[in-house]
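J.: Take this structure first; my questions come after.
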Amino acid sequence: MQRIDTVSAQMVEQAAERLTGVVTRTPLEPNARLSSRVDARVWLKREDQQTVRSYKIRGAYNFIVQLDEATRSRGVVCASAGNHAQGVAYACRRLGANGRVYVPGTTPRQKRERIATLGGAHIEVIVVGETYEDAFAAAHDDAQRTGATLVPAFDDPRTVAGQGTVALEVVEQLGFVPDVLVVPVGGGGLLAGIATWVRERHPEIRVVGVEPAGAMCMAAALEAGEPVRIDAVDSFVDGAAVREAGGVTYPLVRDSGAELTSVPEGAVCTEMLAMYQADGVIAEPAGALASAALGTTVLVEPEQTVVCIVSGGNNDVSRYSEILERSLMHEGLKHYFLVSFPQEPGALRRFLDEILGPEDDVTRFEYVKRNNRELGPALIGIEIPRPGELPGLLKRLEASPLQVEQVEPGSPLFHFLL
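Below, the structure is given as structure tokens:
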């Protein structure tokens, strides 16, 4: 097969034809909550309602369906945090190909089980390492050793063209051109595909990519002038926790005119909870990236038509306790302290009566150990009703005879709590 190193609007449109009858034409829904937040007409493109609950099926199928029969017979392999693997699994089963998918240990169990269910006898799931890069290295070694074809999660023109069909669908569903498209960004496949198609067909659309603050690999590439490996990645937004932007996606994003911004993981958690409670949408962390940025790092004009892409809904329900914790910390409503209590009757009662405000709540209390005969340290988590209550709480703690140390975000203990 002839090697293609770039993507065009025509390639995206050809991909859309191949995907007809294969992928779901996902809903495009108006969202009152977000519209009220920014005084604009905000729509959600619900790729969480896709065949495999994410947009990744678009790129995976568009890649595999173009392999000739001899190549496909040797099998395919891929690396994924979960969603791309599900797309590959579905495509393999539909096309009768066999494949192996490598996922990092951080991939939620729910995603791993879905991969196996979607692929059936055609797919083997292999867990390796802790990051996407670990999984990719294993998949690459497999392809070299066995002759199977590596199906890139984002860094191939065929994958990128498939992901770009989301934008084509948005315009067709609206019946007119939106003012703003807000797109989540991991390795850049979705943004590269969308921005490339928009640049050629509707350059008047403002395209904004949103990265998680703990995994800003595309921003690092744009700053360096080439893809670079970032030092550390927060794996919480697992669908977008990529250490290095793609060699194919980076120049496409660079040349597209798309904007790039980021949001902290805590803001993503707050948005996930709002989507669940107010909108009835179960989004995974990457699926909430675009709307989390709206009104904060992505500002729009009143009455504009804005489309945020909900990229996926493969979220493990067991993660909601962590999601709530991160959200409360981000909102300034949850704080942790190490408090050394005197070993005498009534010490805890005085803490509750004299230091806590009337609406404050102790949500965690762990007596650590008695380090001498006089003092016993405890880890205390306090939830306050409003961020503005924190200065009063800190003042009361400072005025007390207790030895108190606030657990600051970024400290090793703080990360242990999460």
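Numbering-wise (this note's numbering), the sequence shown opens with residue 34 and increments by one. By construction, the Cβ of each residue, glycine as well, lies at the ideal position given by its N, Cα and C atoms.
Please state whether DSSP places Gly425 in a helix, a strand or coil.
T.: Position 392 of the sequence shown holds residue 425. Correct three-state label for Gly425: helix.
J.: Is DSSP giving Pro217 helix, strand or coil here?
T.: Taking the sequence shown and counting its residues from 1, the one referred to as residue 217 is at position 184. Three-state DSSP puts Pro217 in a strand.
J.: Let me know if Gln310 comes out buried or exposed under the rule of 16 or more other beta-carbons within 10 Å of its beta-carbon.
T.: To locate residue 310, count along the sequence shown from 1; it is residue 277. Exposed, since its Cβ has fewer than 16 Cβ neighbours within 10 Å.
J.: In the DSSP assignment, find the unbroken alpha helix (DSSP H) run with Tyr88 in it and report its ends.
T.: Locating residue 88 in the sequence shown gives position 55, where the first residue counts as 1. Unbroken run through Tyr88: none, as it is neither H nor E.
J.: Would you tell me roughly how many angstroms separate the C-alpha atoms of Glu80 and Val199, rounded to the nearest one?
T.: By one-based count along the sequence shown, residue 80 stands at place 47. By one-based count along the sequence shown, residue 199 stands at place 166. Computed Cα separation, rounded: 9 angstroms.
J.: Between which residues of its own chain and Ser452 is the CB-CB distance below 7 angstroms, once the five residues before and five after are set aside?
T.: Nothing can be reported for residue 452, as the shown portion of the chain is limited to 34 through 451.
J.: DSSP puts Ser68 in a beta bridge; with which residues?
T.: Locating residue 68 in the sequence shown gives position 35, counting from the first residue. Beta-bridge pairing links Ser68 to no other residue.
J.: Beta-carbon within less than 8 angstroms of Asp349's beta-carbon, same chain only, minus the 5 sequence neighbours each way: which residues are those?
T.: Looking up residue 349 in the sequence shown gives position 316. Contacts found: Pro141, Arg142, Gln143, Lys144.
J.: Taking the continuous beta strand (DSSP E) assigned at Ala411, which residues delimit it?
T.: By one-based count along the sequence shown, residue 411 stands at place 378. Counting along the chain, the beta strand (DSSP E) containing Ala411 begins and ends at 408-416.
J.: Could you check where the beta strand (DSSP E) with Thr338 kicks off and where it finishes?
T.: Within the sequence shown, the letter at position 305 stands for residue 338. Its beta strand (DSSP E) spans residues 338-343.
J.: Sorted by chain position, which residues of the same chain lie with C-beta nearer than 6 angstroms to Ala122's C-beta, five sequence neighbours on each side aside?
T.: Mapped onto the sequence shown, residue 122 falls at position 89. Correct list, in chain order: Ile148, Leu151, Gly152, Ile156.
J.: Do Ala42 and Glu233 have their CB atoms nearer than 8 angstroms?
T.: What you label residue 42 is simply residue 9 of the sequence shown in a count that begins at 1. What you label residue 233 is simply residue 200 of the sequence shown in a count that begins at 1. Going by C-beta atoms, Ala42 is nearer than 8 angstroms to Glu233.
J.: Mind checking who Asp394 pairs with in its DSSP beta bridge?
T.: As a working note, residue 394 is residue 361 in the sequence shown. Paired residues: Glu416.
J.: What three-state label does DSSP hand Glu364 in the structure shown?
T.: Taking the first residue of the sequence shown as position 1, residue 364 is located at position 331. Reduced to three states, the DSSP call for Glu364 is coil.
J.: At 4 residues or longer, what runs of the alpha helix (DSSP H) sit wholly inside the stretch 224-260?
T.: Counting only runs of 4 or more, we get 250-257.
J.: Please check the pair Gly320 and Val343, which I expect to be a contact at CB under 8 angstroms, by giving their CB distance rounded to whole angstroms.
T.: Here residue 320 is taken as the residue at index 287 of the sequence shown, counted from 1. Here residue 343 is taken as the residue at index 310 of the sequence shown, counted from 1. Indeed they touch by this definition, with Cβ atoms about 5 angstroms apart.
J.: Given this structure, state the Cα-to-Cα distance separating Ser351 from Leu357, to the nearest angstrom.
T.: Within the sequence shown, numbered from 1, the residue matching residue 351 stands at position 318. Within the sequence shown, numbered from 1, the residue matching residue 357 stands at position 324. Straight-line Cα distance between these residues: approximately 11 angstroms.
J.: If you follow the alpha helix (DSSP H) that Pro452 is part of, which residue opens it and which one closes it?
T.: Nothing about residue 452 can be read from this structure; the chain reaches only from 34 to 451.
J.: Less than 6 angstroms between C-beta atoms, sequence neighbours within five positions excluded: which residues of the same chain meet that for Tyr283?
T.: Looking up residue 283 in the sequence shown gives position 250. Cβ within range, chain order: Ala254, Pro260.
J.: Which runs of the beta strand (DSSP E) fall wholly inside the stretch 165-218 and span at least 3 residues, in chain order?
T.: Segments of the beta strand (DSSP E) lying fully in the stretch 165-218: 213-217.
J.: Can you tell me where the beta strand (DSSP E) with Ala112 in it begins and where it stops?
T.: Numbered from 1 along the sequence shown, position 79 holds the residue referred to as residue 112. It spans 109-112 - the beta strand (DSSP E) in which Ala112 sits, taken as one unbroken run.
J.: Can you have a look at Glu202 and say buried or exposed, based on whether 16 or more other CB atoms are within 10 angstroms of its CB?
T.: Taking the first residue of the sequence shown as 1, we reach residue 202 at position 169. The residue is buried, with at least 16 neighbouring Cβ atoms inside 10 Å.
J.: Leaving out five residues on either side along the sequence, give the residues of the same chain with a beta carbon under 8 angstroms from the beta carbon of Glu336.
T.: What you label residue 336 is simply residue 303 of the sequence shown in a count that begins at 1. Same-chain partners within the cutoff: Asp72, Ala73, Arg74.
J.: Quick one: what does DSSP say Phe374 is sitting in, helix, strand or coil?
T.: The residue you call residue 374 lines up with position 341 of the sequence shown. Correct three-state label for Phe374: strand.
J.: According to DSSP, is Gly495 part of a helix, a strand, or is it coil?
T.: The structure shown does not extend to residue 495, since the chain is modelled only from 34 to 451, so the question has no answer here.
J.: If we ignore side chains and look at the alpha-carbon of each, how far apart do Ile238 and Leu77 end up?
T.: For this step, residue 238 is matched to residue 205 along the sequence shown. For this step, residue 77 is matched to residue 44 along the sequence shown. Rounded to the nearest angstrom, the two C-alpha atoms are 16 angstroms apart.
J.: Among Pro378, Gly421, Ser324, Glu317, which residue has its Cα nearest to the Cα of Leu366?
T.: Sequence index remark: in the sequence shown, residue 366 carries index 333 (1-based). Nearest of Pro378, Gly421, Ser324, Glu317 to Leu366, Cα basis: Gly421.
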